[in-house]
Each structure stands twice: as structure tokens, then as C-alpha cells.
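To keep things clear, I will list the structure first and then write my remarks on it.
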Amino acid sequence: MSNGTASIAWIGTWAVAPWVTNAPGFNNETVRQIVHTSIGGSAVRVQLSNLYGSEAVVIGNVYVALRDSGPITVASSTRTVTFGGQQSVTLPAGASIASDPVPFDVPSLADIAVSLYLPGGTPPHSTGHDGSLQDVYVAPGNVGADPSFTGFTPNPAGQAYYFLTNVDVQNAKATGAVVAFGASITDGSASSSNANRRWPNDLAVRLFDAGMAVGVLNEGISGNNFFTDGWGESGLNRFNRDALAQPGVKWTIVSDDAVNNLNTEAPASAQDLIAAFQQLIARAHVVDVKVICSTLTPFRGTPFWTPAIEATREAINAFVLSPSSGCDAVLDQARAVSNPADPASFLPAFNSGDNLHPNDAGMQAIADALDLDSLK
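The following block contains the structure:
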């Protein structure tokens, strides 16, 4: 008997882009990970990945629950997650898996704890997402069903997600999901830790307040760029998987990857970056996904900035804003955060201090700049 409603499509409510982490490895330990939803639903499933693993990984038990505070969960909310009816699942190297549907009243804009028991030794550098800006907790033994998470400590390797890449919901009123695809500005770097102040989080709040049931998925990787692997696979390499293959995706926002192709000692040309935008637009349109193109935010004051690089940024932004770009809509991030008196620089009130990343107020300004009609 299915625990979900087969006629209702799955929509992503939360996601991270997978890559190789700095995980030390786990052995007879439970990892409790906190995710912040965008839309709610009546059933939930989780997706786990060993995409970049060097060997198979055994997941002993998985539980979902509403979070109370820290790693503490609401006792009455704990649910067992199964895979093909089994509580344990083996993920071969390179594999990913979606769980069975779990009846679960998922609130919008809420914290859910996903607990994974790892009974055997997992190799270091597991698949996941470093720099999560969200505390993760580790406890000895199989304690995923324990609301108090007995014996827990904050993860010694810092804020990250391990093996968990997606949380999806069934929501009969949902109209689709929008994927924020980009680099550190999308990933939320320099926004407040444990506060969900990344601009995609702020966008989810705007959509909720407007009564729009649209999932918001953050597929940003700090350091990512269009052309080279290293901080995640290159944007061109990962776009189909991380953007176009997300559950329920109807729109994708191509955000800040190109900033990292400019803010470097070997900056890309405007021609090459425009061609990258055009390629992503064409790929998305083949599968009926609309593309919201972002202008590139300013970064005068960083070590690599030059007038020539600034001219390239301005050329990219002129392309994005042109009627002939092929973009279905535009998120003008540059206008949202730049200083009107010096458009090559951040407005001081939105500058995190490094002249590259917005602070919380800047993140909100980016989210506020999107015309919500582009998600209808």
C-alpha cells in the first residue's frame, strides 16, 4: 500500500547541490541534519546521494521529524523513512535514491530534522554540501528516533550536509518549483548562520506571503563557475542534473556563476559567458523550463577587479537585460545591490564587508527584486 497519493506529483521543498565534502567519515553514528522547507505538503520523501563516493555506503535507519530547537525534535512527529519497504539501504558508489513516501504534515517555512544512522565506517569526503550555514549534529549509536538525540555534539567538521540532497513533498496546490542555480551568493555565503537568510529563503517567504505554492530549491555551490570543475562540477556540467532534473521544476534562476568567471586572474570573455547563458537557456527550453536570468552583482574592491573586467560585467548585464537574450524573465541583482553613485560597487548597506557578497539586507534586496509574476 502506498503511503503517498500517486496522483499528486512530487515537488521539491528543499535541496542542496552535491559535491565532495570534508567529512571525516562516520562509524556507528547518527547524523541529524536540519532542513528549512519552502512549501508544505501532506507527504514527504528524502533523496540520498553517494554520487561522489568511492565505495558503497550503508544507511541503517532514516527518520524525519519536526524540529523543536537545536537537534531536539517534537517527539510526536517522528516518522520512519523506508526504501523499497526496508529501513536500511545500501548506496553504491555513484548512486542516488529516493525514499518511499511518508505520510507527514510538512509545514511551510519550517525546520525538519532528517536523521541518518551510519552503522559501518564511511570513507572520508562523503557526498554532500559543505558551507551549509546550518549546524549539523552527530551522536553515537542508532539514536535517530530519539527526540533528545542523546549524546550529541555539533559536527566536528563544521556546518554541512551529508548524503542528504533533497526533501520533496506532495502538495495538491503546488504549481511547481523554482531552482536558484549559482555560486556563493546563491549559496548564502556571508548571510547569517542558522538563520535561513539566503536570498532563496527570502524568496520563499515572499512567495508564501503572496499565497503562491512554489517550491524554492537552492542549487548554489560557493566557488562554482560556468567552465571549470573544482568547487563543484562546472555550471555547464551540472546544470541538467542540479537544475533541470529537480522534482517539479518549472523555472530556474541562472544566478552568479559568471561572477566567478570574472573575479579571477584569468577572466572569461563576454562572448564566452554570453554563449554559456545561451546554452543553458536552450537546454532549459528543450524540457519546458523557463529561465530567469540574473544580472551580475558588482565587485569593485576585490583583488581581481579591473576596469576591463568591469566592462565585461557590464556587457553581460546588457545582454541579460536585452529583449533578444532569450531569457524568459530577469532578476536584476546588480541593480538591487549596487551603489547608484558607483554602480561598480555594492551599496554600503548591502555589503558584507568583502565587496563581493551581500549581507542579510542585501540578500533580502535580491529576493525583493524578483517580479513574482515571473513564477506564474
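Just so you know, the working numbering puts 385 at position 376 of the sequence shown, and the rest follows in order with no gaps.
Each residue gets a CB set at the ideal place from its N, CA and C atoms; glycine is no exception.
In terms of Cα proximity to aspartate 341, the closest of Asp351, Asn164, Phe328, Ala350 is Phe328. Nearest C-alpha to alanine 18 among Asp382, Ser51, Ala204: Ser51. A Cβ-Cβ separation of about 6 Å places valine 300 in contact with threonine 261 under the 8 Å criterion. Of Ala181, Thr311, Leu379, Ser333, the smallest CA-CA separation from asparagine 360 is found for Thr311. The C-alpha of threonine 162 lies about 13 Å from the C-alpha of glycine 150. Around alanine 343, the same chain offers Thr304, Leu305, Thr306, Pro307, Asn326 as residues with beta carbons nearer than 7 Å, after the five sequence neighbours per side are excluded. Sequence-distant partners of tyrosine 170 (beyond 5 residues in either direction) whose C-beta falls short of 6 Å from its own C-beta, in its chain, are Val25, Gln42, Gly137, His138, Ser141. Glycine 362 carries a coil assignment under DSSP once its states are collapsed to helix, strand and coil. Between proline 209 and asparagine 227, the C-beta spacing is below 7 Å. DSSP places glycine 335 outside both helix and strand once states are collapsed to three, so it counts as coil.
When the Cα atoms are used, phenylalanine 158 and serine 231 turn out to be separated by approximately 30 Å. Serine 200 is a Cβ neighbour of arginine 207, given a cutoff of 7 Å. Following the DSSP letters along the chain, one finds phenylalanine 355 inside the beta strand (DSSP E) bounded by residues 351-355. Every beta strand (DSSP E) stretch that sits fully inside the segment 89-177 and reaches 3 residues is listed by chain position as 98-100, 105-107, 111-115, 120-127, 136-139, 145-149, 169-171.
DSSP places asparagine 210 in the uninterrupted alpha helix (DSSP H) bounded by 208-218.
For valine 55, there is no enclosing alpha helix (DSSP H); the residue is part of the beta strand (DSSP E) that begins and ends at 50-58. The Cβ atoms of valine 188 and valine 258 lie closer than 7 Å to each other. When secondary structure is reduced to three states using DSSP, phenylalanine 308 falls in the coil class, being assigned neither helix nor strand. It is roughly 15 Å from the alpha-carbon of phenylalanine 113 to the alpha-carbon of tryptophan 23. For glutamate 274, same chain residues with a beta-carbon under 7 Å away, outside a window of 5 residues either side, are Phe313 in chain order. In this structure, the beta-carbon distance from asparagine 270 to alanine 279 does not fall below 7 Å.
Of the residues Ala102, Gly241, Asn59, the one whose Cα lies closest to the Cα of threonine 174 is Asn59.
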